[in-house]
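Here's the structure, in structure tokens; my notes come after.
Protein chains in written order, with this note's numbering: chain A, 2 to 495; chain B, -8 to 465.
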């Protein structure tokens, strides 16, 4: 392993690039701002690649660790590191940032520098969340990442953007404030350590574990989002600009799920087993009920937003089955959902940029005017529905397989919704793309240009590559997931 | 040192004439000179002087240095505002500010109940006059009246409480009171009776519920330059006063006053944060926010001693001190921003005046945004670490429920800070006039904003400074 602080670079390269972009100032320099942000995003992606190539598959320990004192008064450290669980998300996030910069290239024409800077800074903060091994550092990144997204939704969003931005911010903050108390409690009861790894090893009584678990659950359930605290997500998605929706769906939702793996399961394993039924029930409600809700949506973005909630239900379900297959399936599902939902939101954005509507009823027969687009959209719709050979299939299949081992009826309930999932996605696709040209707006649509084509190809490589050959993704997870489950199986009550 | 400050002050008063610039420069030089003296004479040891009425210790030195810094910054911010308002007697602002500063210095270093009172009155009388300085303004005069009447009442309460304590212990020296309490030579009934009055008086000066009535009116009615003064520097002195009276003097009966302060603190956070939501005037909103912040700061004071165990005292009090200092820093920036936008003799203290600020000046909108997020306690800004350190003290003391109440009300508070950000960034500007302000003010404002961000990323220095100074002083 080299001595370069790769994780620090992954965090600070995008943030510094964002500040540089911000400094280009007014919209007269917009081309410069765009070019700089693309350079920044690509540089951010490049520095994360050695994380994969230099990754040691055979150890569950944290890798690329950096440890420096930050606030010695409270024993807070600048402690970074990734394992097989978090490493892929750092890369995914940096990858998504590139697509977001490309997606907003021409579409955003006011306050260009601020827009791109917001995404770059957020990318760095999100990388910080995935690689933080110190409770305070994690929390600081976790909350700070709200600010850019709040501004992005509020400034470049749709007509109801203010409501959506507030709802998003306050919902998430509500969850994370209880999380902060939990962190402080752990700090005090561990005798003054904020290290997440110390907390993993620390024995905790059952009552305390239950409370901690519930505090974590509130924080992460809001972020995932799980039913019934999911209501902010459709609003935020509908109002956010395309780039905001992509980041929100592809990365921000993963934070909650990641939090379960990093905090809830290893810190409160007994409570996790005890309350697994609750989480599984909530996940099933999300999968089934939200699936049906998605079926009746008239707004495409809302439909994909609800389908995201349903897909994330598979993720939380997979975690709380406590089998390697379930957890790995959930992780695959998370990454796959990153590609697929990002691409879905981008597709809707492409149509919205041309016809300025997200309503399914306003379209019809798009295939006639945008054949290339229709082909890509088809691919991602199929992936969203979980068709074999796409990435969407792999994760869901693994989770369902694990669920069968756990409890047949849980698996049955989850599997039955694959039909609903296929129904709402394909029905939407049919109404939008097929048929004869519905109105003159559709007739005037122009097919995708080179930039959009490039973004689609990037997403397609991710979605198809993972569907056809998931091995490179799953092999890095094995040892970390096994270790995690071994750890969770041990009681911490003494 | 006190003598020197007095002499310079009187000299400054005599030299006062129509040349405002001269007064301004003289005032600033006075402050810098005093700062140098304080710094040079700071030995780190606790020393008593003036027959034990006055104490110099590290906490006092640190607070005083920050006090001078705050006043210097305030005067820079206020200068343009004063210059544009001929009706405000210009030179007097500076000399009153200096008198108030002197009062605060006395408060910070008082080791005798009478000294505390003298310092407090010197501060309060200067502030009453400052609030009323805009003679033609009806709201300002009304605010001054309200402030004066209620302030006098509070002083009366405080004095009454002090006399009771004298009655109970037979001494006015804070150190001696502590010793007699420790030895058990006191009359518990009278002492607690006096304590109630003392706490009520302190609560009034801090502006915590239910003794907060004057804060919104005075913040709103006073000229913004004066509001800036009231909202910042006196908080440092009030913190020192609480430390001197309650912690240095009455730590033995901490159980009694902690109970009272917990109630005051929870009420302040509740009423302050909820009432702030309904405000349309930024100054009034910040007044309610000040109430809630003082409530939050008190959390650090009440968690010092748990069940007679003072293990956490240093941790708790230094977190409260850190909280006050960061609040003063942020508050100075926020009111400074109102002054920055108030040009051409017009006020700009309505929330709507900030509409679309991002379009008019992205940089200052960014600075204001940092202030707001810092006040809301969102990282990476210093306000987060202030809340963090206080909450950590609360949890360490075992008051989990109190911590949950505190974060719940911070969430409520977040709403109105976010609204300011929303107004600046999401709304269209009403007028596109660029911001015209003196260069020195712009630079200072930017520095203030950067300080909020940098201290948020590297809070260690200030935190340890607080802890160290208290360690040497307590």
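The beta carbon of each residue, even a glycine, is placed where N, CA and C say it ideally should be.
Tell me the rounded alpha-carbon separation between residue i and residue j.
i, j, result
"residue 56/A", "residue 481/A", "12 Å"
"residue 233/B", "residue 314/B", "14 Å"
"residue 47/B", "residue 171/B", "22 Å"
"residue 440/B", "residue 210/B", "22 Å"
"residue 364/A", "residue 290/B", "58 Å"
"residue 2/A", "residue 58/B", "Here the model assigns residue 2/A a pLDDT of 42, short of 50, so the residue's position is not dependable, and the following value carries that caveat. Cα-Cα distance, rounded: 51 Å."
"residue 156/B", "residue 180/A", "44 Å"
"residue 96/A", "residue 176/A", "28 Å"
"residue 8/B", "residue 182/A", "Residue confidence for residue 8/B is low, a pLDDT of 47 falling below 50, so the modelled location carries little weight; the figure read from the coordinates is stated next. For residue 8/B and residue 182/A, the distance between alpha carbons rounds to 56 Å."
"residue 375/A", "residue 322/A", "38 Å"
"residue 423/A", "residue 381/A", "12 Å"
"residue 142/B", "residue 230/B", "17 Å"
"residue 438/B", "residue 181/B", "50 Å"
"residue 284/B", "residue 292/B", "13 Å"
"residue 147/A", "residue 473/A", "32 Å"
"residue 414/A", "residue 143/A", "33 Å"
"residue 137/B", "residue 408/B", "28 Å"
"residue 22/B", "residue 66/B", "11 Å"
"residue 376/B", "residue 328/A", "35 Å"
"residue 116/A", "residue 354/A", "17 Å"
"residue 258/B", "residue 199/B", "8 Å"
"residue 132/A", "residue 436/A", "48 Å"
"residue 406/A", "residue 320/A", "14 Å"
"residue 426/B", "residue 352/B", "7 Å"
"residue 279/B", "residue 262/B", "8 Å"
"residue 230/A", "residue 299/A", "22 Å"
"residue 187/A", "residue 217/A", "12 Å"
I'd like the span of the beta strand (DSSP E) that includes residue i, first residue to last.
i, result
"residue 66/A", "64 to 72"
"residue 46/B", "45 to 47"
Taking the CB atoms as reference points, tell me whether residue i and residue j lie closer together than 7 Å.
i, j, result
"residue 393/B", "residue 381/B", "no"
"residue 145/B", "residue 185/B", "no"
"residue 65/A", "residue 48/A", "no"
"residue 470/B", "residue 163/B", "Since the displayed chain B opens at -8 and closes at 465, residue 470/B lies outside it and no answer follows."
"residue 104/A", "residue 211/A", "no"
"residue 451/A", "residue 419/A", "no"
"residue 420/B", "residue 350/B", "yes"
"residue 443/B", "residue 363/B", "no"
"residue 330/B", "residue 68/B", "yes"
"residue 337/A", "residue 478/A", "no"
"residue 153/A", "residue 119/A", "yes"
"residue 185/A", "residue 383/B", "yes"
"residue 7/A", "residue 52/A", "yes"
Tell me, please, which residues DSSP counts as bridged to residue i.
i, result
"residue 79/A", "69/A"
"residue 103/B", "164/B"
"residue 356/B", "Looking at the DSSP assignment, residue 356/B forms no beta bridge with any residue, so it has no partner."
"residue 272/B", "341/B"
"residue 133/A", "81/A"
"residue 300/A", "360/A"
"residue 196/A", "135/A"
How far does the alpha helix (DSSP H) with residue i in it extend, from its first residue to its last?
i, result
"residue 473/A", "472 to 490"
"residue 271/A", "270 to 296"
"residue 407/B", "391 to 416"
"residue 329/A", "325 to 356"
"residue 27/A", "Careful: residue 27/A lies outside any alpha helix (DSSP H) and carries neither H nor E."
"residue 397/A", "392 to 407"
"residue 264/A", "Looking at the DSSP string, residue 264/A is not in any alpha helix (DSSP H), and its letter there is neither H nor E."
"residue 461/A", "451 to 469"
"residue 103/A", "88 to 104"
"residue 240/A", "233 to 240"
"residue 208/B", "205 to 212"
Against chain E: residues of the segment 161 to 194 of chain A by CB proximity under 8 Å
Protein chains A and B are contained in the structure displayed, whereas chain E is not.
Would you call the segment 388 to 400 of chain A and the segment 258 to 277 of chain A touching, i.e. three or more CB-CB distances under 8 Å?
no
Validate contact between the segment 34 to 43 of chain A and the segment 74 to 89 of chain A using beta carbons, cut 8 Å, 3 pairs
no
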